[in-house]
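Undergrad:
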Amino acid sequence: MPSMATGGPGMTRNSSEFDLGSRLAALRAVRGLSQGTASRLAGLSPAYLSRIETGRVHPTFATVLRILDALRADVEDLRAADRARPPSAATCPITSQGRCLLETIRTESEVARAEGREVYTMREVQILRDLATYMRTASAERVRAVEMLLQELLRR
104 MPSMATGGPG MTRNSSEFDL GSRLAALRAV RGLSQGTASR LAGLSPAYLS RIETGRVHPT
164 FATVLRILDA LRADVEDLRA ADRARPPSAA TCPITSQGRC LLETIRTESE VARAEGREVY
224 TMREVQILRD LATYMRTASA ERVRAVEMLL QELLRR
């Protein structure tokens with residue numbers, strides 16, 4: 104069991120508190136967004152988001168939800184954020200013009216969203232793949248159960 108001095112994943116140093124700021128930063132990085140982009144999507148100033156991520160400011164729950172919405176994430180993603188850190192920016196593939204390839208892709212998805220085109224996160228794509236795999240092997244009763252569940256979800 105980690106000591107309180109060192110803390111475990113998601114724990115602040117010398118505290119047993121959930122380290123919200125570092126988890127938000129990790130989740131933002133996993134999503135491939137800069138602080139500037141994430142703050143703009145959340146309707147926050149980049150400086151304010153920076154202070155949240157470094158733990159100097161403790162946001163309201165409503166602000167956390169705005170950030171999660173901007174990251175196209177949910178509370179479960181936030182809970183798991185410390186286990187899903189991305190490779191460092193130094194390993195980002197570079198385009199022929201010297202830009203980080205991930206930044207180029209991210210920009211394209213933001214343009215698509217702004218134009219109203221469909222854009223799916225990696226998590227959404229994985230869920231759809233998992234569902235397709237399940238549906239290929241499921242019994243008729245289970246397929247009907249999934250169908251009923253989806254109908255109920257779409258009604259809400």
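In my numbering, the protein residues as written are 104 to 259.
Beta carbons: idealized from backbone N, C-alpha and C, even for Gly.
If you're wondering where the values come from, they're calculated on a predicted model, not measured in any experiment.
#1: Are the CB atoms of ARG216 and LEU174 nearer to each other than 7 Å?
#2: Helix, strand or coil for THR163 per DSSP?
#3: Return the first residue and the last residue of the alpha helix (DSSP H) that GLU255 is part of.
#4: Can you list, in chain order, the residues of its chain whose CB lies under 6 Å from that of ALA145, leaving out five sequence neighbours each side?
#5: Check ASP172 in the structure and name its three-state DSSP category.
#6: Got a sec: does the ligand ADP put a non-hydrogen atom nearer than 6 Å to the Cβ of ALA173?
#7: Can you tell which of LEU253, SER148, LEU147 and SER153 has the C-alpha that lies nearest to the C-alpha of ALA129?
TA: According to the structure shown:
#1: In this structure, ARG216 keeps its C-beta atom at 7 Å or more from the C-beta atom of LEU174.
#2: coil
#3: 243 to 258
#4: ARG169, ILE170 and ALA173
#5: When DSSP states are grouped into helix, strand and coil, ASP172 belongs to the helix group.
#6: With respect to the ligand ADP, the structure shown offers nothing to examine, as it has no ligands at all.
#7: SER153
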